[in-house]
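>
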Amino acid sequence: RLRGGLHAASHAVCNVLPLYCQCSAGDVYTECDYPAATRFRPRTILIADRSRGGNGVSLQAYGVAAELLGMALRMISQCRCSNFRGCPACVQMLSCGEHNVVLDKEAGRTILAGMLAGTEGV
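So for the sequence shown, my numbering puts the first residue at 3; every next one is plus one.
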C-alpha cells in the first residue's frame, strides 16, 4: 500500500499544481512505481520539471508546498469515486508513464495528511 499511496499522492500534487503555478500537470513528472520494477527506488515523492534544463515549475511548487499538499488532500478527500485506484479527477494522470498502475487512493490520502501535518509550524 505504501508504493501505491506514494504514487497516488504524487499524482494528486501534480494534478493541483496548475492552481498555483502557470503550468499544466504535464509540465512536471514524478517517478511512478510499477509492479515489475527491478531497480531500487527510495520511498519518496519526487516532482521535477519535465523539460530539459528545467522550466522552473518545480521551484515554484517548492515555494507553495504546504498549499499544494492541502489542496491535493482536499481533492482526494472530496472525490466521490469508489475505485481504490482513484480516477482522473483525483489521483490518475494522463501523462503517467506507468499507466496509473500501483495507485492506492486511500493510502495517498493518509500520506498527504501526514505530510501536511509535518508542515505545521514551519
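The C-beta atom is built at its ideal place from N, Cα and C for all residues, glycine as well.
For ALA10 and LEU96, I'd like the C-alpha separation in whole angstroms.
Mapped onto the sequence shown, residue 10 falls at position 8. Mapped onto the sequence shown, residue 96 falls at position 94. In a straight line, the C-alpha of ALA10 is about 13 Å away from that of LEU96.
> Whole-angstrom Cβ separation of LEU114 and LEU75, contact assumed at under 8 Å?
The residue given as residue 114 occupies position 112 in the sequence shown. The residue given as residue 75 occupies position 73 in the sequence shown. Between LEU75 and LEU114 the Cβ distance is about 4 Å, and since that is below 8 Å, they are a contact.
> Can you give the Cα-Cα distance for PRO90 and ILE47, rounded to whole angstroms?
For the purposes of this step, residue 90 is taken as the residue at position 88 of the sequence shown. For the purposes of this step, residue 47 is taken as the residue at position 45 of the sequence shown. C-alpha separation (whole angstroms): 19 Å.
> Would DSSP call VAL66 helix, strand or coil?
Within the sequence shown, the letter at position 64 stands for residue 66. Reduced to three states, the DSSP call for VAL66 is coil.
> Using DSSP bridges, identify the partner residues of ALA50.
The residue given as residue 50 occupies position 48 in the sequence shown. Answer is TYR31.
> What residue range does the alpha helix (DSSP H) around CYS25 cover?
One-based indexing of the sequence shown puts residue 25 at position 23. Here CYS25 belongs to no alpha helix (DSSP H), and DSSP marks it neither H nor E.
> With a threshold of 8 Å, are at least 3 pairs of Cβ atoms found where one atom belongs to the region 48–57 and the other to the region 25–32?
yes
> Mind listing, in chain order, the continuous alpha helix (DSSP H) runs of no fewer than 4 residues lying wholly within the region 64–117?
67–80
> Should ASN85 go down as buried or exposed, given a rule of 16 or more other Cβ atoms within 10 Å for buried?
Residue mapping note: residue 85 aligns to position 83 of the sequence shown, counting from 1. ASN85 is exposed by the Cβ-count criterion.
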